[in-house]
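Asker: For reference, the structure I am asking about is given below.
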Amino acid sequence: MAGAVRLSVARPGDRGVIVDVRAESHPGDHGVGVDELQRRLLEFGFVEGARVEVLHEGAIWRDPIAVRLDEMRIGLRRRDAEDVWVLLDPK
0 MAGAVRLSVA
10 RPGDRGVIVD
20 VRAESHPGDH
30 GVGVDELQRR
40 LLEFGFVEGA
50 RVEVLHEGAI
60 WRDPIAVRLD
70 EMRIGLRRRD
80 AEDVWVLLDP
90 K
């Protein structure tokens, strides 16, 4: 996973490939258990090898973010995006 970053730190216009989805417990939590969050992310299509692009981020604390995941557009809380690891394309 060398060079991979959390999707939560990517900025609008950043694109890359998902290399890992690893739900973890964070301060402030997600409101759901770790297993449930992992299941939700996988059901949305956040899987290894999927292409992702950050389209937009909210005005307040840059939250939530809008991403293109393959051909879908999805809104995602930044704290949930912390569990998705992406290898960004070179700029």
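Everything in the sequence shown is counted per numbering that gives the first Met the number 0, starting at 0 for the first residue and increasing by one.
The beta carbon of each residue, even a glycine, is placed where N, CA and C say it ideally should be.
Between the C-alpha atoms of R72 and A65, what's the straight-line distance to the nearest angstrom?
Answerer: Straight-line Cα distance between these residues: approximately 7 Å.
Asker: Which stretch, first to last residue, makes up the alpha helix (DSSP H) that contains R112?
Answerer: Residue 112 cannot be examined here, being either before or after the span of the chain that is shown, 0 to 90.
Asker: Which residue's Cα is closest to the Cα of I77: G2, A1, A22, V18?
Answerer: Correcting the residue identity first, residue 77 is Arg in this sequence and not Ile. Looking at the Cα atoms, A22 is the closest of the given residues.
Asker: Any idea which residues DSSP pairs G15 with across the strands?
Answerer: Answer is V51, L87, bridged to G15.
Asker: Hey, D88 and L40 are a contact pair by Cβ (cut 8 Å); roughly how many whole angstroms apart?
Answerer: In fact, because the Cβ distance is near 21 Å, the residues do not count as touching under 8 Å.
Asker: Using a Cβ-Cβ cutoff of less than 8 Å, which residues in the same chain neighbour W84 once the five nearest sequence positions on both sides are dropped?
Answerer: For W84, where only same-chain residues beyond five positions count, the Cβ hits under 8 Å are M0, A3, V4, R5, L6, I17, V18, D19, V20, R21.
Asker: Considering only C-alpha positions, which residue in the set G32, V53, G12, D34 is nearest to A80?
Answerer: Among G32, V53, G12, D34, the Cα nearest to that of A80 belongs to V53.
Asker: Quick one: what's L6 bridged to in DSSP?
Answerer: DSSP output for L6 lists no bridge partner at all.
Asker: With DSSP run on the structure shown, which of helix, strand or coil describes A1?
Answerer: DSSP places A1 in coil when its eight states are reduced to three.
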